[in-house]
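Asker:
Numbering (the numbering used here), first residue to last: 89 to 194.
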């Protein structure tokens with residue numbers, strides 16, 4: 089079974105919603121457990137550009153937002169569904185996330 093790591097950033101106000109959505113789509117499965125993740129707080133910074141429709145702020149103005157970094161594992165066959173669930177549940181126009189294959193899993 090091939091495993092991928094997923095790291096995503098969410099405004100703290102929406103972290104639980106994003107976690108539920110990606111967990112329901114199959115992220116965070118470890119043996120007999122589901123919805124496993126690690127969450128750490130931080131500050132997100134961004135400046136919406138002209139043409140953007142930001143959830144927070146306005147074009148041309150720098151923003152700082154209390155955000156959470158979400159980390160979990162995803163089976164390769166579920167990755168597409170998990171990313172789709174992340175995009176659907178996330179409030180940002182362009183959610184920040186990354187995935188990569190994990191070698192030597194367990």
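Here a beta-carbon is modelled for each residue, glycine too, at the ideal position from N, C-alpha and C.
Just to confirm, is the Cβ distance from residue 97 to residue 184 under 7 Å?
Answerer: The residue given as residue 97 occupies position 9 in the chain shown. The residue given as residue 184 occupies position 96 in the chain shown. The answer is yes: Cβ separation under 7 Å.
Asker: Which residue from 172, 186, 129, 136 puts its Cα closest to that of residue 154?
Answerer: If you number the chain shown from 1, residue 154 lands on position 66. The candidate whose alpha carbon is nearest that of residue 154 is 129.
Asker: Where residue 126 and residue 144 are concerned, what is the direct C-alpha to C-alpha distance, given to the nearest angstrom?
Answerer: The sequence position of residue 126 within the chain shown is 38, counting from 1. The sequence position of residue 144 within the chain shown is 56, counting from 1. Residue 126 and residue 144: Cα-Cα distance of roughly 25 Å.
Asker: Counting along the chain, where does the beta strand (DSSP E) carrying residue 118 start and finish?
Answerer: Sequence index remark: in the chain shown, residue 118 carries index 30 (1-based). Per DSSP, residue 118 belongs to no beta strand (DSSP E) and is neither H nor E.
Asker: Could you tell me the distance, in whole angstroms, from the CA atom of residue 109 to the CA atom of residue 149?
Answerer: Here residue 109 refers to the residue found at position 21 of the chain shown. Here residue 149 refers to the residue found at position 61 of the chain shown. Taking the straight line joining both Cα atoms gives about 30 Å.
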